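In full-length UniProt numbering, the protein residues as written are 1 to 159.
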Amino acid sequence: MNVINEAGILAISTRLHRLSEQLRKDGALIYKAFGIDFELKWFPVIFTIYKKEIASVVEIANEIGYTHPSTITLLKELEKLELIQWQKDKQDERKRLFMLTSKGQELIEKMKPVWELMSQILGDIADNKNNLLTAIDEAEEKIASQSFYQRALQRKNSK
1 MNVINEAGIL AISTRLHRLS EQLRKDGALI YKAFGIDFEL KWFPVIFTIY KKEIASVVEI
61 ANEIGYTHPS TITLLKELEK LELIQWQKDK QDERKRLFML TSKGQELIEK MKPVWELMSQ
121 ILGDIADNKN NLLTAIDEAE EKIASQSFYQ RALQRKNSK
């Protein structure tokens, strides 16, 4: 056991980051093994567009929980690769609506069996005595109602 593991709950952020990095690294290798040229950072954006079929920047940013600017950066990268395209919203000329291109749809079709495989394996990894995904859902719910920082300030001020 290393020092970070011994730190217990104090190192939760570090440990989640470490787990996340390992999953990202392996995820990239899995795509590569299947001959798919795809960066993991694009997943939330392209998956949202795939599921919604058509979506605005605000909708995408809200769905994935990213800031507006970082969502736009990812959209630009996917647009440059010709995986997505946009059209102006007929109701609001200032609004751009994003959708997959035929190249983007082909990529999704190629990725679907890989996502199925990844889902099964990640399901096995998360399916522990204390289900990881359930625990993350519960923690995110608590943080959504009151952040870590807000809770700390409240305790500090109530002493």
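Where is the CB? At the ideal position from N, CA and C, for every residue including glycine. None of these values were measured; they are calculated from a predicted model.
Counting along the chain, no beta strand (DSSP E) covers W115; the unbroken alpha helix (DSSP H) around it starts and ends at S102 to A126.
Here G104 is buried: its Cβ has 16 or more other Cβ atoms, across all protein chains shown, within 10 Å.
No Cβ-Cβ contact shorter than 8 Å links L78 with I30. In the displayed model, R155 falls within a helix according to three-state DSSP. Beta-bridge partners assigned by DSSP to A55: F98. Counting only residues of its own chain and dropping the five nearest sequence neighbours on each side, D37 has a CB closer than 8 Å to the CB of Y31. Minimum Cα-Cα distance from D92 among the listed residues S56, I121 and L74 corresponds to S56.
Taking a cut-off of 8 Å on C-beta distances, the segment 94 to 103 touches the segment 50 to 66, as three or more cross pairs fall below it. Annotation for I143: the continuous alpha helix (DSSP H) segment containing it runs L132 to S145. The Cβ atoms of V114 and F43 lie no closer than 8 Å to each other.
Straight-line measurement puts the Cα of D124 at about 15 Å from the Cα of D26. K112 and L74 do not touch by the CB rule: their CB atoms are close to 21 Å apart, not below 8 Å.
Spanning the alpha carbons of E140 and E109 requires a straight line of approximately 31 Å. About 4 Å separates the beta carbons of L132 and A126, which is inside the 8 Å limit, making them a contact pair. Counting the other Cβ atoms within 10 Å of the Cβ of L16 gives fewer than 16, which makes it exposed. The straight-line gap separating the alpha-carbon atoms of E63 and I4 is approximately 32 Å.
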